[in-house]
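Quick note: the sequence shown uses our numbering, first residue 352, plus one each step.
Positions of the beta carbon are idealized from the N, C-alpha and C atoms, including for glycine.
Everything numeric in this text was worked out from a predicted model, so none of it was measured.
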Amino acid sequence: MNIYIYIITMAVVTYLIRMVPLVAFRKKIENRFVNSFLYYVPYSCLTALTLPSILYSTESIISAVCGFAVALILGIKQKGLIVVAAAACVTVFVVEWILKLM
């Protein structure tokens, strides 16, 4: 019986999270601060989810930072996704190999 209470509570909370913004904001949002906040929320959530995975997915944080730096530089230079991912992977592989030699 206890599990049903948990399931019902979870369903109500999930429904309320999705329903409250629809009820509270019927008009178009005119506030520039709120609009900019809502615009950047997906980017900040994606960063918060992926950055720890990037830094702790290798044996050494040094190789992870090097791979991240290469990916960041190539991304800023508007290179393609495959090029960025391949270059970052090769960088991590080479740095890990060099660190094992030391």
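With C-beta atoms as the reference, is V443 less than 8 Å away from S404? no
In this structure, does DSSP put S411 in helix, strand or coil? coil
Taking three-plus beta-carbon pairs below 8 Å as touching, is the region 390 to 397 in contact with the region 409 to 426? Pairwise C-beta distances place the region 390 to 397 out of contact with the region 409 to 426, as fewer than three of them are shorter than 8 Å.
Among S408, T360 and A439, whose alpha-carbon lies nearest the alpha-carbon of A420? A439
Cβ of E381 within 8 Å of Cβ of E410? no
Suppose you measure from the CA of V434 to the CA of T401; what does that come to, to the nearest Å? 19 Å
Buried versus exposed, by CB contacts within 10 Å (16 or more), G418: buried
Go ahead and label A422 buried or exposed: buried means 16 or more other beta carbons lie within 10 angstroms of its beta carbon, across all protein chains shown. A422 is buried by the Cβ-count criterion.
Work out the CA separation of A399 and L367 for me, nearest whole Å. 24 Å
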